[in-house]
Amino acid sequence: MFLENKITEAEANGLVVPLDGSIESTVAAALAVDGIGADYVTGLVMPVQLSDEGPARTAETIASLLDIDCHRLNLQPVLTAFQRVVGETGEPTDDLVAMQNAGERFRMACKYYVANTRNELVVGTVSRTDRLLGSVAKHGENGVDLSLFGDLYRTEIEALADALAVPSNLLDQSSRLMEHTGATDARELGIDQRDLDSILHFAIDRGCSASTVADKVGVGESVVERTIQWCASTRHKRHTPPKPSMNN
Numbered sequence: 002m003f004l005e006n007k008i009t010e011a012e013a014n015g016l017v018v019p020l021d022g023s024i025e026s027t028v029a030a031a032l033a034v035d036g037i038g039a040d041y042v043t044g045l046v047m048p049v050q051l052s053d054e055g056p057a058r059t060a061e062t063i064a065s066l067l068d069i070d071c072h073r074l075n076l077q078p079v080l081t082a083f084q085r086v087v088g089e090t091g092e093p094t095d096d097l098v099a100m101q102n103a104g105e106r107f108r109m110a111c112k113y114y115v116a117n118t119r120n121e122l123v124v125g126t127v128s129r130t131d132r133l134l135g136s137v138a139k140h141g142e143n144g145v146d147l148s149l150f151g152d153l154y155r156t157e158i159e160a161l162a163d164a165l166a167v168p169s170n171l172l173d174q175s176s177r178l179m180e181h182t183g184a185t186d187a188r189e190l191g192i193d194q195r196d197l198d199s200i201l202h203f204a205i206d207r208g209c210s211a212s213t214v215a216d217k218v219g220v221g222e223s224v225v226e227r228t229i230q231w232c233a234s235t236r237h238k239r240h241t242p243p244k245p246s247m248n249n
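For what it's worth, the working numbering labels the leading residue of the sequence shown as 2, then goes sequentially.
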């Protein structure tokens, strides 16, 4: 009902769902199809780098299995042209993080271009885990009309997939991709995804101390502290830009 109601409120024609082969985007697309019907869902596959080709093929397979209208937008030429223009100004063009962020913002621009031309709403697929850890670029993947998983951690999205009986062949495609490219933040912290989500829940949602979280989750206190510091360092990505007060 949520998706259908929001479409009605906006007097929109349907939904644009970015597809990258992840479980998040797979579940989002499945929810969209279940909520409003495949005829009203537009899938966008937007590879930026050559390394995106595998996930892009997975995403296209998922779109085919869901029987939704899907379009591939190859953005590598766009990024290459962008690098050339930036290089002409004397700015460095080999900053990996900056270019990854630019690629994510190009995807956001493409989502909205397609949505505007079709009078559709853009569906976000970012989990609460990724939002808290700052795993997405400012004004990138969070640039959406509907934040479908804003309150759900990654493990909760996986549980949602099971509860909704999302076809196993769709999840198998996404799970194979995740084994190679996903959950890098959990691996960097030396814990599994479930422990990471539990740490975030107790520390951020419930405001428990690091020692209490460590006891509840069964991990070292240093891991909890590193996770909290990680969230703190990316807080600027979750807040609206600061503005000067006109009241003083």
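Positions of the beta carbon are idealized from the N, C-alpha and C atoms, including for glycine.
Answer with buried or exposed for residue i, where buried requires no fewer than 16 other C-beta atoms within 10 angstroms of its C-beta.
{"i": "P19", "result": "buried"}
{"i": "G22", "result": "buried"}
{"i": "D53", "result": "buried"}
{"i": "F203", "result": "buried"}
{"i": "V49", "result": "buried"}
{"i": "L28", "result": "Note that residue 28 is Val in the sequence shown here, rather than Leu. With 16 or more Cβ atoms within 10 Å of its Cβ, V28 is classed as buried."}
{"i": "V214", "result": "buried"}
{"i": "D1", "result": "Because the chain here runs from 2 to 249, residue 1 falls outside it and cannot be looked at."}
How is the beta strand (DSSP E) around residue i delimited, first residue to last?
{"i": "C71", "result": "D70 to R73"}
{"i": "E92", "result": "No beta strand (DSSP E) holds E92; DSSP gives it neither H nor E."}
Determine the extent of the alpha helix (DSSP H) in which residue i is found, giving its start and end residues.
{"i": "V42", "result": "Where V42 is concerned, there is no enclosing alpha helix (DSSP H), although the beta strand (DSSP E) it sits in stretches over V42 to V46."}
{"i": "P56", "result": "E54 to L67"}
{"i": "E10", "result": "F3 to A11"}
{"i": "V115", "result": "L97 to R119"}
{"i": "L197", "result": "Q194 to L201"}
{"i": "V17", "result": "Not the alpha helix (DSSP H): V17 falls in the beta strand (DSSP E), residues G15 to P19."}
{"i": "Q230", "result": "E222 to S234"}
{"i": "C33", "result": "Here the sequence assigns Ala to residue 33, which means Cys is not the residue at that position. From DSSP, the alpha helix (DSSP H) with A33 extends over I24 to I37."}
Let me make sure I understand the geometry here. Which of the options has the alpha-carbon closest to that of residue i?
{"i": "A162", "options": "A33, R188 and I37", "result": "A33"}
{"i": "A233", "options": "R132, S148 and R195", "result": "R132"}
{"i": "A13", "options": "R58, T118 and Q84", "result": "T118"}
{"i": "L250", "options": "T81, S210 and V218", "result": "A question about residue 250 goes unanswered here, because the residues of the chain that appear run from 2 up to 249."}
{"i": "K7", "options": "D146, D196 and E157", "result": "D146"}
{"i": "T9", "options": "D70, E121, V98 and G104", "result": "E121"}
{"i": "A31", "options": "L97, P78, M47 and L66", "result": "L66"}
{"i": "R188", "options": "A116, V98, R227 and R106", "result": "R227"}
{"i": "C209", "options": "T130, V137 and V225", "result": "V225"}
Using a Cβ-Cβ cut-off of 6 Å (strictly less than) and excluding sequence neighbours within five positions of residue i, which residues of its own chain qualify?
{"i": "E180", "result": "At E180, the pLDDT of 49 sits below 50, so the modelled position is not reliable; the number obtained from the coordinates is stated separately. If we look at E180 and ignore the five residues flanking it on each side, it has no Cβ neighbours."}
{"i": "T182", "result": "With a pLDDT of 45 at T182, under the threshold of 50, the predicted position of this residue should be treated as unreliable, though the coordinate-derived value follows. So the list is empty, once near-sequence residues are dropped."}
{"i": "M109", "result": "G141 and G144"}
{"i": "V87", "result": "T94"}
{"i": "S246", "result": "none"}
Go through its chain and collect everything with a Cβ distance to residue i's Cβ below 7 Å, but skip five positions before and after it.
{"i": "G135", "result": "T235 and K238"}
{"i": "A39", "result": "L67, D68 and I69"}
{"i": "A103", "result": "L80 and F83"}
{"i": "N75", "result": "P48"}
With a CB to CB cut of under 8 Å and the five nearest residues on each side skipped, what residues in its chain are close to residue i?
{"i": "G36", "result": "M2, F3, L4 and E5"}
When the Cβ atoms of the stretch 41 to 50 are set against those of the stretch 144 to 162, are three or more pairs found closer than 8 Å? Remark: fewer than three beta-carbon pairs, one from each stretch, lie closer than 8 Å, so the stretch 41 to 50 and the stretch 144 to 162 are not flagged as touching.
Between the stretch 55 to 65 and the stretch 192 to 200, do three or more beta carbon pairs fall short of 8 Å? The stretch 55 to 65 and the stretch 192 to 200 do not touch, with fewer than 3 CB-CB distances between them shorter than 8 Å.
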